[in-house]
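Everything below concerns the one structure shown next.
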Amino acid sequence: MSAKIAIVGGGPSGCYTAQALLKRAPDLEVDIIDALPVPYGLVRYGVAADHQGTKGVARQFARIFTRQNAQFFGNLRIGRDVTLEALRRAYDVVVLAAGLPGDRPLGIPGDDLPGVIGSGALTRALYEHPDAEALPELGEAPLVIGTGNVAVDILRLLAKTPEELSGSDLGAGPSDWLAAQKIRQITVVGRSSAAAARFSPVMIKELAELSRVDLRLAAGGSDAGEVLAAAVAGSAGPLPIDFRFESRPVALEPLGDGLQLTVETPRGRETIAASSVISAIGFTGDGSFDRDGLLAEAGGAARLYAAGWFRTGPVGAIPQCREEGQRLAQQILDEVQPDPARIGRALFAGRAGITDFDHWQHLDALELAGATDQRCRRKISRRDDMLRPANLQDA
Ligand SMILES: Cc1cc2nc3c(=O)[nH]c(=O)nc-3n(C[C@H](O)[C@H](O)[C@H](O)COP(=O)(O)OP(=O)(O)OC[C@H]3O[C@@H](n4cnc5c(N)ncnc54)[C@H](O)[C@@H]3O)c2cc1C
């Protein structure tokens, strides 16, 4: 008898887990449920608009629905539209792959001042997530806290010329917003030394190759590795990007129209003025789930499992989700005990507003049909339009 498996979250970890489950046991009923009307999580709303090669993984994920028989239930938020308890009663197994949608707070005085924005909030707005806040004014001298790849993604988008954004899927609104920013200088602050910074060398190299970028080591870069040193030596554009390593943020205060960041360095305390602050120091839950409690409970007897960023925290990229999905699928198959009384997807019968994979394929085709010489797709961004694309065509 085939087991009924619900996966909460249609991002990379949910998709890879479904793929691995159905590869090993094609008769399983695997349902991927997502709060958004569309699948793929951060592949669509986190991976940078100008990294279309990385987004190509979506084509692989599509086959889970078109060939492996997984079903997609979109626009269905577990914890709000359907309780997790109801889901657990209906399915033999529930996999929590809901990611970490919140920005980790800086945890210093002033971290909630106007002008401080999280990298997740900023990238969601840039990539037209339907629940995103408005794009903020960054001013002439934004400061980025964090030296991981998300920070470098943001630096790259802020530094690119309109020509360099060609081929991306950055929307018209975000493109206009970028063009309207009057950024003259960007400061990047990291706690670690240059050698211990988390960005990948390839990302720094790509940043340094942009026509406007002038990477500079403004503080604490004496142990910079070969790639960073070459990037600093080889970039000479009109937009200075000053890296300040070994600088631990301790407080933010208002200063004129902007902010002032105090950092602790080996030389003592220093202050840095900024027109806005983008914190790119990682992600956390948004309070929808009692993550700690659920992780403590997860395991075979509870018929509850966790995957991806929801389980590991905000570390690891898409390839790690694949490895983990394969491991987790095997564990589930070893432990599952199907119960014919479980109703599975019948739980959602008659619910209005749920989207399926056909719906996504229709939206996808519409978005691709909106491509131009400059953009590889035109994203549909408003939830209403995503739910009722026919209205969009009539408009
Ligand atoms: C800005 C940014 C850029 C990145 N760039 C890259 C990159 O270039 N290359 C790379 O390899 N990795 C990149 N990563 C990392 C990669 O995105 C993650 O490793 C991966 O997305 C984690 O997958 P996940 O499935 O755990 O989470 P997610 O991708 O976040 O998916 C979680 C899904 O769960 C859904 N969900 C949440 N709550 C609920 C709920 N209550 N009910 C139903 N559904 C829910 C969400 O809508 C979402 O679709 C990037 C990450 C970020 C933040």
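To convert, take the position in the sequence shown, counting from 1, and add 25; that gives our numbering. Glycine is no exception: its CB is placed at the ideal position from the N, C-alpha and C atoms. Model, not experiment: these values are computed from the prediction.
If you check the C-beta of residue 343 against ligand 1, you find a heavy atom less than 7 Å away. Annotated three-state conformation of residue 201 is helix, per DSSP. Sequence-distant partners of residue 118 (beyond 5 residues in either direction) whose C-beta falls short of 6 Å from its own C-beta, in its chain, are 30, 328, 357, 361.
Straight-line measurement puts the Cα of residue 163 at about 20 Å from the Cα of residue 71.
Counted as a single uninterrupted DSSP element, the stretch harbouring residue 29 is not any alpha helix (DSSP H) but the beta strand (DSSP E) occupying residues 29–33. Residue environment analysis places residue 371 among the exposed positions, since fewer than 16 neighbouring C-beta atoms fall within 10 angstroms of its C-beta. Rounded to whole angstroms, the separation of the alpha carbons of residue 39 and residue 336 is 12 Å. Residue environment: residue 368 is assigned as exposed (fewer than 16 neighbouring CB atoms within 10 Å of its CB, all protein chains considered). Residue 153 is classed as buried because its beta carbon has at least 16 other beta carbons within 10 Å across all chains shown. A direct Cα-Cα distance of roughly 29 Å separates residue 260 from residue 150.
Counting every other CB atom within 10 Å of its CB across the protein chains shown gives residue 108 a total below 16, marking it as exposed. Taking 4 residues as the shortest admissible run, the segment 304–369 contains the following complete alpha helix (DSSP H) segments, listed from N- to C-terminal end: 316–322, 333–337, 343–360. At least one heavy atom of ligand 1 lies closer than 7 Å to the C-beta of residue 335. In the DSSP assignment, residue 168 falls outside any alpha helix (DSSP H) and within the unbroken beta strand (DSSP E) covering 167–170. Taking non-hydrogen atoms of ligand 1 into account, the C-beta of residue 38 is found less than 7 Å away from one of them.
CA-to-CA, the gap between residue 103 and residue 61 works out to about 11 Å.
Per DSSP, residue 280 lies in no alpha helix (DSSP H) segment; the continuous beta strand (DSSP E) that holds it begins and ends at 273–280. Inclusion of residue 135 and residue 278 in the CB contact set at 8 Å is warranted, their separation being smaller than that value. A buried status is given to residue 141, since no fewer than 16 other beta-carbon atoms sit within 10 Å of its beta-carbon.
Distance between residue 272 and residue 171, taken at the CA atoms: about 10 Å.
Residue 329 has its CB no nearer than 7 Å to any heavy atom of ligand 1. Between residue 182 and residue 73, the C-beta gap is smaller than 8 Å, which places the two residues in contact. Taking the Cα of residue 34 as reference, the smallest distance to any Cα among 49, 373, 46, 65 is reached at 65. In the three-state scheme derived from DSSP, where H, G and I count as helix and E and B as strand, residue 265 is classed as strand. Rounded to the nearest whole angstrom, the C-alpha separation of residue 302 and residue 408 is 29 Å. Setting aside the 5 residues that flank it on each side, residue 209 is surrounded in the same chain by 165, 166, each with a C-beta closer than 7 Å to its C-beta; the list follows chain order. In this structure the segment 247–262 touches the segment 207–226; the number of beta carbon pairs closer than 8 Å is three or more.
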